[in-house]
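Residue numbers (the working numbering): 325 to 1050. First comes the structure, then the notes that go with it.
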Amino acid sequence: MLNHAHSPSQTAALKTLSRVFGYDQFRGQQAEVIETAVQGKNALVLMPTGGGKSVCYQIPALLRDGVGIVVSPLLALMKDQVDTLCELGVRAQFLNSSLSLQDQRQVEQDLQNGKLDLLYVAPERLLNANFLNLLDQAPLALFAIDEAHCVSQWGHDFRPEYQQLGLLAQRYPHIPRMALTATADERTRADIIQVLGLQNAPTFLSSFDRPNIRYTITEKDNGRKQLLDFIQQQPEGSAGIVYCLSRKRVEETAEFLQSKGLPALAYHAGLPQAERIRVQEEFLYEEGRIVCATVAFGMGIDKPNVRFVAHLDLPKSLEGYYQETGRAGRDGLPSEAWMAYGLGDVVSVRRMLAMSDAPPEVKRIEAGKLDALLAYCETASCRRQVLLTYFSEFGTQPCGNCDICSNPPQTWNATVAAQKALSAAIRTGNRFGAAYLVDVLLGTETDKIKQFGHHELPTFGVGQDLSEPAWRNVFRQLVALGYLLPDVEGYGGLVAGEKARDLLKGKYTLELRELALPKAKAAKKDRAIGKASDLPIEAQRRFDALRALRLSFAQAQKVPPYIIFNDATLRDIAVIDPSHLGELKLISGVGEQKLARYGQAFLDRLAEIRALPADQTPDYAEPTLEKVDTVTATLELVNRGLNRAQIAEHRGLAEDTIGSHLLKLYQANEVTKHEILFLEPDELKEIQAAAKELKMKAKQTASKALKEALNHKYGYADMNVALWLW
Ligand SMILES: [Zn+2]
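Written out as structure tokens, the structure reads:
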């Protein structure tokens, strides 16, 4: 906090913050950044996601004469910001290709007539000669260049148009320029300064820590089941993102969660654009959706109340992990970053790298990034410290808000065990995978081991002091730490690497993490809608009722609910239970415009609850949400006369997936046999005969063995139909 008297511009900034945005103090470096821009100076602002970047240019734009021009590459984000500002009573518009020509004209006229406080434009629009001519005539408050890392070819989002934004410095030398980004690496930073001409501008670098996000990495045994347990421990109505590596995994995971009654959606680049837009909108406009997605999902998603981000597969790098997990908790409320990771993941990422035919220089960088990621997964010290150190923020203390801090893993001297594991790999010729090597160590006489004569090795059975899971744990860490490497040919074997030699010679000792004992299951939290996990019962009752009211306003105005009031504000209202407008106005996030527009309705709702007996649940039905029922969506298409293949194409889902919907519908008497059966009579018999051979029974679910027995001739959908009709 500043301990000297506020300058006039600081006082004005605070007043605007309170009147328009409803907050009574600035966070972090916001005040200094705003002061710089209000005084007409340039600035480079590096702030993490959710750090309150946009206020840094919005307030100076309101305080200075003229319009603030905001350059942003993301159409969805522009719309979201403009919606938010309009709700606050700020005159904001955007100009991009999603508007009709007529609407574009209107915005341009508003610009000319000085009717705008803020105008969001795509970079290609800004560079357009006609638009520049318009700007020449308009009074300008400032230029804000958001996502400024797009100027850099080193960054992950390079955009050629951004490189031409240097013209702003030449054409409008007296208008302040503010570049903002959440990417802090030094090479990118240097590029931004050079391209945008910010050589003499101050740099505001905030800590990249996201203290409200809790980091947890759990050892994977049955990933989907673990994911389900994790989600079920979140308060009900928690919106989240589940990242998976492949499209197939995305679809399978979404289906699995749906089958458990969760409102899950699938998103990947292979879906038709209309479906991708629908999923995005449902995620934004409804409460508590869970999107299973590849990394294609998230760019430009500005939803502040994403309560968890889960990784079911390893991300590409720590940068990717930090960016993806950073989409949780932008509203500052407690949020979770959860990942399940196991031996199979380590082996497969190491193998992918080994088999990559990228140039050696690139491969070396990738190897370094992978080592950092795996070290993070395997760390025995605070995860936040490891992350921040990686991003060059040193000297932080253990955070108390990660799995390691709350439950420090035991380490043990694993030198001898590691030597046994390495020698098992070497003595069997560096060509077998972990499962085989564990069998050798445990002395399990499998046919394969006898066939190779490995039951006669001195290493055979020397590992009986550890359990099978404990050995897998040792192998995972040895691969993660680079003592064992996957074979380059890709046969799945593990090879003792260079690093192994000194360890085998006993030149140093190796500490490994102990296998975490399966913990007694945490008691499931009550998945009551909207429960932000720790509200007292009375406040929770109010929160639920207010949330329903918020959703009905949001639906009426066709904006996401958080634009009406965000979760933090709604929680405060529920806790404080104000009884008049003056009291409501004091709550963070309640500005003048919102007070005028919604204040009385929220007070009335609170008064109604106050009048109810304590044991009576208020009778506010959640406004009917459009149910994400993927099976019903399929039924609608059946009723429109589409067959299985057509539905699959229309919905961008696998035909097997649609087949499973159809079978469910048939079981519920919603469709006819004719609509699920796409097999000839002899094909039907062939499947049933093969199932009989495998001693399967009618109505069982088709197995992989059945598929193999039929030489992969049929899909699961057809086999399941045949089994059901048997
Ligand atoms: Zn920690």
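All residues carry an ideal CB built from backbone N, CA and C; glycine is no exception. These figures come from a predicted structure and were not determined experimentally.
Task: Assigned secondary structure, F418 (DSSP; H/G/I helix, E/B strand, else coil) - done: strand
Task: Distance, A468 Cα to E448 Cα - done: 15 Å
Task: 7 Å CB neighbourhood of K843 in its chain, flanking five on each side removed - done: Note that K843 scores a pLDDT of 48, beneath 50, so its modelled location is shaky and nothing firm can be said.
Open item on the list: Excluding the 5 residues flanking K951 on each side, which residues of the same chain have their C-beta closer than 6 Å to its C-beta?
Closed with: At K951 the pLDDT is 38, less than 50, meaning the model places this residue with poor confidence; the figure from the coordinates comes in the next sentence. Hits under 6 Å: none found.
TODO: Measure how close the beta-carbons of Q440 and R415 come, nearest whole angstrom, since I'm counting them as under 8 Å.
DONE: The displayed chain sequence assigns Leu, not Gln, to residue 440. With 8 Å as the limit, L440 and R415 qualify as a contact, their Cβ atoms being about 5 Å apart.
Task: Cα-Cα separation between Q405 and V394, rounded to whole angstroms - done: 11 Å
Task: Proximity winner among R651, A892, Q881, A794, relative to A738 (alpha-carbon distances) - done: A794
TODO: Return yes when the Cβ of S530 is within less than 8 Å of the Cβ of L401, no when it is not.
DONE: no
Open item on the list: Would L466 and A361 qualify as a contact pair, given that the criterion is a beta-carbon distance under 8 Å?
Closed with: yes
TODO: For A846, I'd like the list of residues in its chain whose CB is within less than 7 Å of its CB, leaving aside the five on either flank, ordered along the chain.
DONE: The predicted model places A846 with a pLDDT of 44, which falls under 50 and marks its position as unreliable; any figure quoted below should be read in that light. So the qualifying residues of the chain are Q557.
TODO: Check whether the stretch 815–826 touches the stretch 783–794, taking contact to mean three or more Cβ pairs, one atom from each stretch, closer than 8 Å.
DONE: no
TODO: Confirm, please, whether the CB-CB distance from Y665 to I541 is below 8 Å.
DONE: yes
Open item on the list: With a threshold of 7 Å (Cβ to nearest heavy atom), would G719 be considered close to ligand 1?
Closed with: no
Task: Alpha-carbon to alpha-carbon, R631 and T335 - done: 35 Å
Open item on the list: I'd like the list of long-range same chain contacts for E792, defined as Cβ closer than 7 Å, with 5 residues on each side in sequence excluded.
Closed with: V762, L766
Task: Neighbourhood of A878 by C-beta, 6 Å cutoff - its chain only, sequence neighbours within 5 removed - done: P885, I888
TODO: Using three-state DSSP, classify S333 as helix, strand or coil.
DONE: helix
Task: Residues bridged to E835 [DSSP beta-bridge criterion] - done: N737
- [ ] Output yes or no for whether 8 Å exceeds the beta carbon distance between A1063 and I537.
- [x] There is no way to answer for residue 1063, as the model of the chain reaches only from 325 to 1050.
Open item on the list: So, at 8 Å on beta carbons, what are the nonlocal neighbours of L589 in its own chain, with the 5 sequence-adjacent residues on each side left out?
Closed with: A578, V603, E606, F607, R613, I614, V615, C616, V952
Open item on the list: Quick check on the burial criterion: 16 or more other C-beta atoms within 10 angstroms. Buried or exposed for G915?
Closed with: buried
- [ ] Flag C729 as yes when its Cβ comes closer than 7 Å to any non-hydrogen atom of ligand 1, and as no otherwise.
- [x] yes
TODO: Might you give, ordered along the chain, the residues of its own chain that have their beta carbon closer than 8 Å to the beta carbon of I853, omitting 5 neighbours on each side?
DONE: Low per-residue confidence applies at I853: pLDDT is 35, beneath 50, and the placement is therefore not dependable, though the value from the model is reported in the following sentence. Closer than 8 Å at the Cβ level, and outside the excluded window around I853, lie E560, G561, E611, G612, D868, R871, E946.
Open item on the list: Just to confirm my understanding: we take T833, look at its own chain, exclude 5 residues before and 5 after, and list those with CB closer than 7 Å. What are they?
Closed with: N737, T739
- [ ] Out of S876, A892, A898, K829, point me to the one whose CA is closest to A863's CA.
- [x] A898
Open item on the list: How far does the beta strand (DSSP E) with C616 in it extend, from its first residue to its last?
Closed with: 614–617
Task: Cβ-based neighbour list, A1026, same chain, cut-off 7 Å, excluding 5 preceding and 5 following - done: Y1040, M1043, N1044, L1047
- [ ] Look at the alpha carbon of R651 and the alpha carbon of N890, and state the distance between them as a whole number of angstroms.
- [x] 16 Å
- [ ] Give the straight-line distance between the Cα atoms of V673 and S680, rounded to the nearest whole angstrom.
- [x] 11 Å
Task: Contained beta strand (DSSP E) runs [length at least 3] in the stretch 613–670, N- to C-terminal order - done: 614–617, 630–635, 659–665
Open item on the list: Taking 8 Å as the cut-off, does the stretch 350–368 touch the stretch 382–396 (at least 3 CB pairs, one atom from each stretch)?
Closed with: yes
TODO: Quick one: residues in its chain with C-beta nearer than 8 Å to the C-beta of A598, no 5 flanking neighbours on either side, listed in chain order?
DONE: none
Open item on the list: Judging by CA-CA distance, which residue of R934, Q436, R796, L808 is the nearest neighbour of R825?
Closed with: L808
Open item on the list: For the beta strand (DSSP E) containing G564, name the first residue and the last one.
Closed with: 563–567
Task: Q465: first and last residue of the uninterrupted alpha helix (DSSP H) it sits in - done: What sits at residue 465 in the sequence shown is Ala, not Gln. Unbroken run through A465 is the beta strand (DSSP E), 464–469; no alpha helix (DSSP H).
Open item on the list: By DSSP's criteria, V369 is part of a beta bridge. Which residues make up the other side?
Closed with: L504, F528
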